[in-house]
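**Student:**
Residue numbers (the working numbering), protein chains in the order written: chain A, 1 to 514; chain B, 515 to 834.
(1) Would you call the CB atoms of residue 427 (chain A) and residue 506 (chain A) closer than 8 Å?
(2) Compare the C-beta of residue 707 (chain B) with all C-beta atoms of chain A and state if any pair is closer than 8 Å.
(3) Go through its chain and collect everything with a Cβ distance to residue 202 (chain A)'s Cβ below 7 Å, but skip five positions before and after it.
(4) Under a Cβ-count criterion, where at least 16 other Cβ atoms within 10 Å of its own Cβ denotes burial, should residue 797 (chain B) be classed as buried or exposed?
(5) Looking at chain B, which residues of the stretch 353-370 of chain A have a Cβ within less than 8 Å of any of its Cβ atoms?
(6) Would DSSP call residue 259 (chain A) helix, strand or coil?
(7) Around the C-beta of residue 557 (chain B), are 16 or more other C-beta atoms found within 10 angstroms, so that it is buried, or is it exposed?
(8) So which of A:502, A:148 and A:106 has the shortest CA-CA distance to residue 135 (chain A)?
(9) What separation, rounded to the nearest whole angstrom, lies between the Cα atoms of residue 389 (chain A) and residue 681 (chain B)?
(10) Cα separation between residue 627 (chain B) and residue 92 (chain A)?
(11) Report the three-state DSSP secondary structure of residue 142 (chain A) (helix, strand or coil).
(12) To the nearest angstrom, report how far apart residue 349 (chain A) and residue 102 (chain A) are at their CA atoms.
(13) From the DSSP output, read off the bridge partner residues of residue 132 (chain A).
(14) Could you name the residues of the same chain whose beta carbon sits closer than 7 Å to that of residue 505 (chain B), not counting the 5 residues immediately before and after it, in chain order?
(15) Can you tell me where the alpha helix (DSSP H) holding residue 123 (chain A) begins and where it ends?
(16) Using DSSP with H/G/I as helix, E/B as strand and the rest coil, what is residue 35 (chain A)?
(17) Does any C-beta atom of chain A lie closer than 8 Å to the C-beta of residue 575 (chain B)?
(18) Rounded to whole angstroms, how far is the Cβ of residue 127 (chain A) from the Cβ of residue 145 (chain A), which I believe are closer than 8 Å?
(19) Near residue 15 (chain A), which residues of its chain fall below 7 Å by C-beta distance, leaving aside the five closest residues on each side in sequence?
(20) Is residue 454 (chain A) helix, strand or coil when you go by DSSP?
(21) Could you name the residues of the same chain whose beta carbon sits closer than 6 Å to that of residue 678 (chain B), not counting the 5 residues immediately before and after it, in chain order?
(22) Starting from residue 349 (chain A), find everything on chain B with Cβ-Cβ shorter than 7 Å and list it in chain order.
(23) Give the secondary structure of residue 722 (chain B) by DSSP, where H, G and I count as helix, E and B as strand, and everything else as coil.
(24) Pull out every residue of the stretch 769-786 of chain B whose Cβ sits closer than 8 Å to any Cβ of chain A, in chain order.
(25) Can you find a CB in chain A that lies within less than 8 Å of the CB of residue 816 (chain B)?
(26) When the Cβ atoms of the stretch 413-433 of chain A are set against those of the stretch 251-271 of chain A, are three or more pairs found closer than 8 Å?
(27) Between the C-alpha atoms of residue 114 (chain A) and residue 125 (chain A), what's the straight-line distance to the nearest angstrom?
(28) Output the residue ranges of the beta strand (DSSP E) runs that lie fully inside the stretch 537-623 of chain B and measure 3 residues or longer, sorted by chain position.
(29) Report all residues from its chain with a CB closer than 7 Å to the CB of residue 534 (chain B); omit the five preceding and five following residues, and keep chain order.
(30) Does DSSP classify residue 264 (chain A) as helix, strand or coil?
(31) At a CB-CB cut-off below 9 Å, which residues of chain B make contact with residue 474 (chain A)?
(32) Cα separation between residue 363 (chain A) and residue 344 (chain A)?
(33) Taking a cut of 8 Å between CB atoms, which residues from the stretch 410-444 of chain A lie near chain B?
(34) How close, in whole Å, do the beta carbons of residue 330 (chain A) and residue 479 (chain A) come, if the pair is a contact with beta carbons under 8 Å?
(35) Given that a residue counts as buried once 16 or more other Cβ atoms are within 10 Å of its Cβ, and exposed if not, what is residue 281 (chain A)?
(36) I want to verify the contact list: residues of chain A whose CB lies under 8 Å from the CB of residue 656 (chain B), in sequence order.
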């Protein structure tokens, strides 16, 4: 029917205008536009492991930042008597773990020694007794759980006269006894006992290097063996006294609480209480202490701050140098590229160890250890970033939209920064993040090997902490455990996070893992 | 191909030369440490210094440095450690330890890495693959010294299976004795974890890409079993990329690991290097730095060249 009609000569009246009273235009896009970063974020969010890793990183950073405010100690804190303390958390201690205790087998002599400290201070050193056995030679061994904090017991300290009076005043004000009478035993040759300060009881063998065990009374109790004096002036003690000291009432025995020496007084203090007197609280170290008595919890946060600071600074500097260098290389190409590429090739081939050492030898004294390490990382670190940017420039500079922009009169700078560079942003951000674990690892390795020395009174690094714990690996593994755990979690998180970023920015590379 | 190899090698020596020069100048700018009085070879060291022109300008010293190396292969003598001994001979004496430990570790790492990688690729996106990939991620990220501490604590100390440190040559008898090997096991395990993880990741990525190729479909359609198709086609093609990496690893064994040698007391070149830095023995430092630079360059070249040799389709250095 249609074919019968004359299609070439359709009469004008058959046409009619449509939508005469409307403006005709493209339909407005109803949904919101998704930009580059939004797009990446949407993809990143779906990657569960990367999100978890990112959360972990945030937690670790917060740990590094918050610890100095909540910790009772600072990096400069050192307390020799509380060296190699085991980790203790007041939260978990009542449950029987993370309580600063350690299971050990003690012979009769040291068993009595540990027990005696608890008897005198009133705070048991032996937290739990498991069993005891006697071997064929007649020696008895006890399996016990020993409280590392309490086993420190007593120590001799020297106080000036005013310090001595202040301590006595403190005792009277708080009602806690810190100063205890001096024991009569003076041998310092014992393997145990803080220079003999812990032997307040009668020993079978007073003069030799082994104590020979305690002399017990008929009830099996320790017999006190304090230094006494018949001269009350010499004792001259006006503060708290131990139970049973009635001040020489039963004849001539005054317990001696202090001995005068050149600088003041030598006194014997309950170190646990003395620590509280000095530091304001009882010793308790969440992650324990190292051999110098530094709080690992605090030092770890300080080391982490240093690592983060170093890694992020280096990453940012490399980001800038690398992108400018790479952009010039990639954009101009040709001879410029050739020359610049050779320079970066040579730099990339210098082993990092050589660079770090030479910078350390040349600059450490002039500008400090940390800046010279920073220079060493920057000198070779930007090469990888430059290569990435160069690659992106080669990919994009020949594309039509760049040609179009150039035709419209865009200059080099505009082309580089406005049109091509944004395309490499994702790669650069990914590269910067993935470079961070490398920097942290290298820094910890160099300080571990003592090639750089980041250990000053107020500065520490994770590598230094690891190396300070290495000699105690078999006896006190906790010194190494926490820094090692920290750096492992950090490395894993940064790698996962970096991979997640790469997948998000560049979905075509997903799963390529390289 | 030959032209490419020659070009690469020449370029390598040029790079090495530049790095050596920079290193030399920077070391010479440092104040010269005094010869230690304790050694009985002090005169030997002083004579050597005279011969190497230590009191002459740097340019002359530089000339003498090259002259000694090219004519006599003389890298100087130890000044702060191994006083009077030739640097080169001490290095050669240390090298076997490093090479042996790293060789063992690679030999056990390669089959494991390939095995896990192939397994994960074949089970791609199943739970086995996810398990392997997660472990790989963990093992690749954790620093090697953390393994070393864990191994040293549990295997050496708690279980007492291995000695804490490497046996000395005198107590073990020979470098190849069982006793020596046993004391090397902790070190080679700590070194191996990372290599296994890296190789697994690489193999998995390569093989799973190859497995999606059209020729794999063809192989199955023409009647090969899955095992045949994988072993004859997929693995071979995946190896093109994996093998150069393995070869590169073999060059790398000369360098060893500084930190692992330090932890397990292996008297290898890594330890020597660390010591030379710590006691500021610049002759050792110079020679060892050149050594490490060379290894790095050489493994890069061998890696690149082996691509071309294994798969002639890949023409390295050609325009397209």
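Cβ atoms here follow ideal geometry from the backbone N, Cα and C, with glycine treated the same way.
**Tutor:** From the atom records:
(1) As a working note, residue 427 (chain A) is residue 427 in the first chain. As a working note, residue 506 (chain A) is residue 506 in the first chain. Contact flag set, yes.
(2) Within the second chain, residue 707 (chain B) is the residue found at index 193, counting from 1. False, the Cβ-Cβ gap to chain A never drops below 8 Å.
(3) Here residue 202 (chain A) refers to the residue found at position 202 of the first chain. So the list reads 214, 215, 223 and 225, once near-sequence residues are dropped.
(4) Your numbering for residue 797 (chain B) matches position 283 in the second chain. Buried, since its Cβ has 16 or more Cβ neighbours within 10 Å.
(5) 353, 354, 357, 358, 361 and 362
(6) Working through the first chain from its first residue, we reach residue 259 (chain A) at position 259. Looking at residue 259 (chain A) - three-state DSSP - the assignment turns out to be strand.
(7) Taking the first residue of the second chain as 1, we reach residue 557 (chain B) at position 43. Classification for residue 557 (chain B): exposed.
(8) Here residue 135 (chain A) refers to the residue found at position 135 of the first chain. When each option's Cα is compared against that of residue 135 (chain A), the closest is A:106.
(9) Residue mapping note: residue 389 (chain A) aligns to position 389 of the first chain, counting from 1. Residue mapping note: residue 681 (chain B) aligns to position 167 of the second chain, counting from 1. Distance between the alpha carbons of residue 389 (chain A) and residue 681 (chain B) is about 49 Å.
(10) As a working mapping, residue 627 (chain B) is identified with position 113 in the second chain. As a working mapping, residue 92 (chain A) is identified with position 92 in the first chain. Spanning the two alpha carbons is a distance of roughly 42 Å.
(11) Sequence index remark: in the first chain, residue 142 (chain A) carries index 142 (1-based). DSSP places residue 142 (chain A) in strand when its eight states are reduced to three.
(12) What you label residue 349 (chain A) is simply residue 349 of the first chain in a count that begins at 1. What you label residue 102 (chain A) is simply residue 102 of the first chain in a count that begins at 1. Their Cα atoms are separated by approximately 50 Å.
(13) Locating residue 132 (chain A) in the first chain gives position 132, where the first residue counts as 1. Paired residue(s): A:142.
(14) The question about residue 505 (chain B) has no answer, for chain B in this structure spans 515 to 834.
(15) Reading the first chain from its first residue, position 123 is the one you call residue 123 (chain A). Segment: none, residue 123 (chain A) is in no alpha helix (DSSP H) and carries neither H nor E.
(16) Taking the first residue of the first chain as 1, we reach residue 35 (chain A) at position 35. Looking at residue 35 (chain A) - three-state DSSP - the assignment turns out to be coil, as it is neither helix nor strand.
(17) If you number the second chain from 1, residue 575 (chain B) lands on position 61. Residue 575 (chain B) does not count as touching chain A.
(18) As a working note, residue 127 (chain A) is residue 127 in the first chain. As a working note, residue 145 (chain A) is residue 145 in the first chain. The Cβ separation is near 4 Å, so the contact holds.
(19) As a working mapping, residue 15 (chain A) is identified with position 15 in the first chain. Here the set comprises nothing.
(20) Residue 454 (chain A) sits at position 454 when you count from the first residue of the first chain. Coil at residue 454 (chain A), not helix or strand.
(21) By one-based count along the second chain, residue 678 (chain B) stands at place 164. Correct list, in chain order: 670.
(22) If you number the first chain from 1, residue 349 (chain A) lands on position 349. Near residue 349 (chain A) (Cβ distances below 7 Å), the residues of chain B are 529, 533, 807, 810 and 811.
(23) For the purposes of this step, residue 722 (chain B) is identified with residue 208 of the second chain, where counting begins at 1. It is helical.
(24) 772, 773, 776 and 777
(25) Looking up residue 816 (chain B) in the second chain gives position 302. Chain A, which has no Cβ nearer than 8 Å to the Cβ of residue 816 (chain B), makes this no.
(26) no
(27) As a first step, residue 114 (chain A) must be located in the first chain, where it is residue number 114. As a first step, residue 125 (chain A) must be located in the first chain, where it is residue number 125. Near 6 Å, if we compare the C-alpha coordinates of residue 125 (chain A) and residue 114 (chain A).
(28) none
(29) Working through the second chain from its first residue, we reach residue 534 (chain B) at position 20. Once the five neighbours on either side are set aside, the close Cβ partners of residue 534 (chain B) are 804.
(30) Stepping through the first chain from its first residue, residue 264 (chain A) is reached at position 264. The answer is coil: DSSP assigns residue 264 (chain A) none of H, G, I, E or B.
(31) One-based indexing of the first chain puts residue 474 (chain A) at position 474. Under the 9 Å cutoff, chain B gives 666, 667, 670, 671, 672 and 678.
(32) For the purposes of this step, residue 363 (chain A) is taken as the residue at position 363 of the first chain. For the purposes of this step, residue 344 (chain A) is taken as the residue at position 344 of the first chain. Taking the straight line joining both Cα atoms gives about 22 Å.
(33) 437, 441 and 444
(34) Residue 330 (chain A) sits at position 330 when you count from the first residue of the first chain. Residue 479 (chain A) sits at position 479 when you count from the first residue of the first chain. Between residue 479 (chain A) and residue 330 (chain A) the Cβ distance is about 49 Å, and since that is not below 8 Å, they are no contact.
(35) By one-based count along the first chain, residue 281 (chain A) stands at place 281. By the 10 Å Cβ count, residue 281 (chain A) comes out exposed.
(36) Numbered from its first residue, the second chain carries residue 656 (chain B) at position 142. Near residue 656 (chain B) (Cβ distances below 8 Å), the residues of chain A are 488, 491 and 492.
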